[in-house]
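Heads up: the sequence shown is residues 1 to 124, going by full-length UniProt numbering. Glycine residues also receive a C-beta, built at the ideal position from the N, C-alpha and C atoms. Working notes for the structure below.
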Amino acid sequence: MQRESFIKVMDFHFYINNRIDVFEHFNVESFLRNYGICVSLKYRGKGVSESLIRCGINYMQRLGLTVMEGLFTSERYSRLARKMGFQVLYSKPYSSWLLDRKTIFPTLAEGGGSAFIMAANIQA
Numbered sequence: 001m002q003r004e005s006f007i008k009v010m011d012f013h014f015y016i017n018n019r020i021d022v023f024e025h026f027n028v029e030s031f032l033r034n035y036g037i038c039v040s041l042k043y044r045g046k047g048v049s050e051s052l053i054r055c056g057i058n059y060m061q062r063l064g065l066t067v068m069e070g071l072f073t074s075e076r077y078s079r080l081a082r083k084m085g086f087q088v089l090y091s092k093p094y095s096s097w098l099l100d101r102k103t104i105f106p107t108l109a110e111g112g113g114s115a116f117i118m119a120a121n122i123q124a
C-alpha cells in the first residue's frame with residue numbers, strides 16, 4: 001500500500017512539474033527546484049515553513065541563480081509563498097486528479113484544495 005501511495009504522489013509531482021517550462025518562462029539556463037516542504041504538526045504556525053523557504057532562497061543565491069520554483073501543496077503554503085515574492089505558474093485542483101474516474105487524493109479533494117507550481121525571480 002505504501003508503495004502504491006508513493007507512486008501516486010510521484011506521478012502527481014511529475015505531471016504538475018511538466019505543465020510549465022520554467023526555463024522558458026524566466027529565460028534562464030538553470031534554477032533551483034523545491035519539491036516540497038513538510039513540517040510536523042507540532043511546529044506548524046511557528047515560522048518553520050518561511051524559514052525553510054528563506055534557506056532555499058539563500059542557497060539559490062549562493063549558487064548564483066535567480067529563480068526558485070516549487071510545488072506548493074496547500075492554500076496556506078501558497079499564500080506564504082506569494083508574500084515572499086512567488087507567483088503562481090500553474091495550479092491543479094486535487095479534485096480533478098483522477099485515476100479510473102476516482103479522485104486519487106480524496107481527503108485533499110474534499111477540502112477543495114489545489115497544488116500550485118510557483119516561482120520567484122529574486123535578484124541578489
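Item	Value
Keeping to the same chain, check which residues put their C-beta closer than 8 angstroms to that of LEU65; ignore five residues upstream and five downstream.	VAL28, SER30, PHE31, LEU32
So, helix, strand or coil for GLU29, using DSSP?	coil
Between the Cα of ARG79 and those of VAL22, TYR43, MET118, spot the shortest distance and give me the residue it belongs to.	MET118
With burial defined as no fewer than 16 other Cβ atoms inside 10 Å of the residue's Cβ, what is the status of ILE57: buried or exposed?	buried
Please determine if the stretch 9 to 20 and the stretch 90 to 101 are in contact, where contact requires at least 3 C-beta pairs separated by less than 8 angstroms.	yes
Would a C-beta distance cut-off of 9 angstroms place PHE23 and THR73 closer than the cut-off?	no
Please report how far the alpha carbon of PHE86 lies from the alpha carbon of MET60, in whole angstroms.	14 angstroms
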